[in-house]
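All residue numbers for the sequence shown refer to UniProt numbering, where the first residue is 1 and numbers rise by one. One structure is given here, and the rest of the page talks about it.
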Amino acid sequence: MPTSFAPARPAPDRTRSDLLLFLGVAFAVSWGSWGAAMGIGGPAANGEPAYVPFLFGAFGPLIGALVIRIRRRRRGEPVPAHAVRFRAATALLWTPPLMVLASATVLGAAVLGHAAGDPALSWEGAEDAMKSMGGPAAFLVSMLLSGPLSEEPGWRGTAYPRMRATMGRFRIGLTLGVIWAVWHLPLFFIDGTVQNGLGLASPGGVLFAVSNIPMAMLVSSAYERAGVVASIAVHFAVNTTMILLDVHSPVTQALIIGVQAAVVTVLLATGRRSAASPSGSPTGTPTVVAEADGRPKQSGLTPDRPGNPSPGPLPR
1 MPTSFAPARP APDRTRSDLL LFLGVAFAVS WGSWGAAMGI GGPAANGEPA
51 YVPFLFGAFG PLIGALVIRI RRRRRGEPVP AHAVRFRAAT ALLWTPPLMV
101 LASATVLGAA VLGHAAGDPA LSWEGAEDAM KSMGGPAAFL VSMLLSGPLS
151 EEPGWRGTAY PRMRATMGRF RIGLTLGVIW AVWHLPLFFI DGTVQNGLGL
201 ASPGGVLFAV SNIPMAMLVS SAYERAGVVA SIAVHFAVNT TMILLDVHSP
251 VTQALIIGVQ AAVVTVLLAT GRRSAASPSG SPTGTPTVVA EADGRPKQSG
301 LTPDRPGNPS PGPLPR
């Protein structure tokens, strides 16, 4: 008796389907949770009723990444060709300097902002930020969970390699930056968030939205060099430095955008040579063969071994 087999979906169709599903889940979870926080009312602060849905909303991209991974494994589909595999040696080589560079973009812009007339940098704001979250340890854990760990396995570990199949680095950074800015919109309407303090139609609010573009390019450059671990580290470094320095002045925000744009230009330029290498694997960077959790791709259409991507006060 003849046996029929369902044809495998072409890679472009599979990639498009994955991206649409990921974005649908990420936005549904995040906007639904933040909508609940708005409905509850009150500040999104620890101990307040609105805090739990506010915090859960930050995990929309991670949940979207998990949904895509589970579906891919059940269908026996291969890992995306441009996903970056975790390698400890590469992560140790790239992550520390990338973290320092990311933090320096904020610190350098803040120093320039002071020279342009902004208030001088002070440790008092950093102390207040840490006290409000229960101390330095709780502050660092909170900064790591809400934003870096809750988002990067999604935006970079899931969306980026699929977009990379048909788009260049600059175009992906621009596209993901715009999507990222739109994803943050509900936070402007939740009391107690940095975005709410800035105001949606204010210069600070507009600059926050624009800043998502160079930030997306900066974090994506880290991902291409050392995978999700590096993108998490860079995201964490930028967010933490901004909170500790209490960055809210439009002048400093604009300077951060400019400094990060300059840094990204260099990172993109230095990445072109490796992108054109015959092997298809950037020189000095990890082999592009795994998803957010760093599991290697198996040969042919055999799915990779199961693994769990890392889960992640203010989502960026």
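Quick reminder that beta carbons are idealized off the backbone N, C-alpha and C, glycines included.
From which residue to which residue does the alpha helix (DSSP H) around residue i run?
i      : result
MET133 : From DSSP, MET133 is part of no alpha helix (DSSP H); its letter is neither H nor E.
ILE190 : Element bounds for ILE190: n/a, residue is neither H nor E.
THR158 : Taken as a continuous stretch (DSSP letters only), THR158 belongs to no alpha helix (DSSP H), as it is neither H nor E.
SER249 : From DSSP, SER249 is part of no alpha helix (DSSP H); its letter is neither H nor E.
LEU176 : 169 to 183
PRO148 : Neither: PRO148 is in no alpha helix (DSSP H) and is coded neither H nor E.
VAL79  : Neither: VAL79 is in no alpha helix (DSSP H) and is coded neither H nor E.
PRO96  : 88 to 115
PRO53  : 51 to 57
So, under 8 Å CB-CB, residue i and residue j are touching, yes? Tell me the CB distance rounded to an integer number of Å.
i      : j      : result
PHE54  : TRP34  : 7 Å
GLN260 : GLY204 : That belief does not hold up - the Cβ atoms of GLN260 and GLY204 are roughly 16 Å apart, past 8 Å.
SER220 : GLY173 : 6 Å
LEU121 : LEU245 : 6 Å
PHE59  : SER150 : 4 Å
Using 7 Å as the threshold, is the C-beta distance between residue i and residue j below it?
i      : j      : result
VAL84  : GLY271 : no
ALA50  : ILE40  : yes
LEU112 : LEU255 : yes
GLY177 : ALA116 : no
PRO97  : GLY192 : no
GLY208 : ASN196 : What sits at residue 208 in the sequence shown is Phe, not Gly. No; because the gap between Cβ atoms is not below 7 Å, this pair is not in contact.
ALA137 : ALA237 : no
SER211 : GLU152 : no
GLY57  : PHE22  : no
MET143 : THR265 : no
THR105 : VAL263 : yes
TRP94  : ARG225 : yes
PRO161 : PRO80  : yes
ILE179 : PRO214 : no
SER249 : ASP128 : no
ALA165 : THR15  : yes
If distances are taken between C-alpha atoms only, which option among the options comes closest to residue i?
i      : options                           : result
VAL229 : GLY154, ILE68 and MET133          : GLY154
TYR223 : ALA110, HIS82 and VAL210          : HIS82
ASN46  : PRO61, SER146, ARG72 and PRO250   : SER146
GLU48  : LEU218, PRO250 and ILE190         : ILE190
ALA201 : HIS114, LEU185 and ALA269         : LEU185
ALA126 : VAL247, ALA269 and LEU267         : VAL247
LEU268 : MET242, PHE170, MET163 and ARG73  : PHE170
ALA181 : VAL25, VAL206 and LEU198          : VAL206
ARG72  : LEU198, PHE139 and SER17          : SER17
MET133 : ARG14, ILE243, ALA110 and PRO78   : ILE243
LEU62  : GLY24, LEU218, ASP128 and PRO78   : GLY24
VAL251 : GLY199, PRO148, LEU198 and ALA109 : ALA109
LEU19  : VAL194, LEU198, THR175 and LEU218 : THR175
ARG156 : LEU218, VAL100 and ALA37          : LEU218
ALA26  : VAL52, GLY199 and TRP183          : TRP183
I'd like to know whether the C-beta of residue i is nearer than 7 Å to at least one C-beta of chain C.
i      : result
ALA165 : In summary, chain C is missing from the structure at hand, where a single protein chain is found.
Check whether the Cβ of residue i sits closer than 6 Å to any heavy atom of the ligand HEM, and report yes or no.
i     : result
PRO43 : What this structure holds is no ligand at all, so the ligand HEM is not there to describe.
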